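One structure is given here, and the rest of the page talks about it.
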Amino acid sequence: MQKISCLAIFIVFLTSISTAYSQDANVKWINEHAYALAADTASTSNDLQFLSTELKNNVVFGLGEASHGTKEFYNQKRRIIEYLVVNLEYRQIGFECIQSYIEPINEYITNGRGNLKLLMKDMVLYNTEEIYNLFQLLKQYNEGQPTTKKVRVFGFDREEYAGDPFNRDKYMADNVIAEYAAHKGKTIVWAHNIHLAKDTTMAQFKGLGYHLKENFGQNLYVLGFDTYKGSVTVITPGGLTSHSFEAEQGSFSAMFAKATYANYYLSFNTRPIPFANAKNNIMNIYANWTLVRSLPVKLGIDFDAILFIKNTTASKIILSNN
């Protein structure tokens, strides 16, 4: 019995060493391949120049988020959108939002009509100062462009889809495909990670990303967002509020947090990826606060890249619509 116990302890010891070595190798690979990102308030886009190569020949760019209420996600997305619009000629941005809410905002950014804060008041978790700044940036860009070069925004969600959750993602994908067919411009699709993940083996339904991949194939590129710890704005019975969170130990999120950089972009186009076939979790926070805050994924399959921000804070809701 003593020999068996010693053998069991030795096996556990070897397993722990192997796991630690694997983790160290993964973090080493991340440090070697990650693109460090400037703080979300930085105005320079020098740190995003790699996107010109990364997105060469891309047609539809999926821009994910691990929550609908994170300040740093929104600000990094604003920086990426600005770079794509100015340097790579993306001309359409679709939002996971009701079309009737976005249509007057499109009129604002293309023709300057309306009061933006009033137009955003019904956008709930998207009614934030960060997204307000994005729309203002797009309006300013359009002011110097001819009609054919202006950026337009659209919503690919509809109120009636809420009653049909199993088909909602298919309907949303159909709307994105229809907008692309009608306008033929490079398109950015802004949605939650859970919708944009391209594979279905880890999910119970075929998401927006799956259907877009079926249509656009290799011309679809999806960037997921992840974080390790912080606070987030969510919907509760008492209204919008901030909740704190921390990723589970042993998750992809916890592994990403061990990298040298606090904010970085990690592409999975460089092979081999040491954790390519591993199934693990990234952070996942729904619009409503829930006890489940993880999304099982296969990196390099569900997402072409991850933008990771180690510490994040709650988005800033616009309280006054005057």
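Mapped onto mature numbering (1 follows the signal peptide of the UniProt record, and there is no 0), the consecutive letters of the sequence shown carry residue numbers -22 to -1, 1 to 300. For every residue, glycine included, the Cβ atom is placed at its ideal position computed from N, Cα and C. Just so you know, these numbers come straight off a predicted model, no measurement behind them.
Nearest-angstrom Cα separation, counted from Val64 out to Asn36: 15 Å
Grab the span of the alpha helix (DSSP H) containing Lys148 for me, first residue to last. 143 to 161
Using a threshold of 9 Å, state whether the C-beta atoms of Ser229 and Gly208 are closer than that. no
According to DSSP, what are the bridge partners of Ile166? Per DSSP, the beta bridge partners of Ile166 are Phe39, Ile71.
Proximity below 9 Å, CB of Leu94 to CB of Tyr104: Result no, Cβ atoms of Leu94 and Tyr104 do not sit closer than 9 Å.
Could you please give the first and the last residue of the uninterrupted beta strand (DSSP E) stretch that includes His221? 217 to 224
Here's a check: name, in chain order, each residue in its chain whose Cβ is nearer than 7 Å to the Cβ of Asn9, leaving out the five neighbours to either side. Ala237, Thr238
Does the beta-carbon distance from Ile59 to Ile166 come in below 9 Å? Yes, Cβ-Cβ distance for Ile59 and Ile166 is below 9 Å.
Close Cβ partners of Phe281 (< 6 Å) along its chain, the five nearest in sequence each way excluded: Val200, Gly202
Asn289 - DSSP class collapsed to helix/strand/coil: Under the three-state reduction of DSSP, Asn289 is assigned to strand.
Could you tell me whether the stretch 117 to 125 touches the stretch 50 to 59, using the rule of 3 or more Cβ pairs below 8 Å? no
Report yes if the C-beta distance between Ser293 and His170 is below 9 Å; otherwise report no. no
To the nearest angstrom, report how far apart Thr291 and Leu41 are at their CA atoms. 19 Å
Pair every Cβ in the stretch 258 to 276 with every Cβ in the stretch 23 to 36, then say whether three or more of these pairs are closer than 8 Å. no
For Asn153, I'd like the list of residues in its chain whose CB is within less than 7 Å of its CB, leaving aside the five on either flank, ordered along the chain. Phe134
Do the CB positions of Asp25 and Ala12 come within less than 9 Å of each other? no
For Ser231 and Gln182, I'd like the C-alpha separation in whole angstroms. The alpha-carbon of Ser231 is positioned some 22 Å away from that of Gln182.
Backbone CA spacing between Tyr110 and Lys49 [nearest angstrom]: So the two alpha carbons sit approximately 12 Å from each other.
Alpha-carbon spacing of Ala(-3) relative to Lys288, whole angstroms: Note that Ala(-3) scores a pLDDT of 45, beneath 50, so its modelled location is shaky and nothing firm can be said.
As a quick exercise: from Lys127, Met150, Thr126, Ser220, pick the residue whose alpha carbon is nearest that of Glu137. Ranking the options by Cα distance to Glu137, first place goes to Met150.
Measure from the alpha carbon of Val131 to the alpha carbon of each residue in Phe73, Ala160, Glu107, then state which is nearest. Considering only alpha carbons, the answer is Phe73.
N-terminal and C-terminal residue of the alpha helix (DSSP H) that Pro82 is part of: 77 to 89
Enclosing alpha helix (DSSP H) for Val63 [first to last residue]: 49 to 66
Would Tyr206 pass as a contact of Ala235 if the rule is Cβ separation under 9 Å? The Cβ atoms of Tyr206 and Ala235 sit closer than 9 Å to each other.
DSSP has Lys207 in a bridge; who is on the other side? Glu224, Asn289
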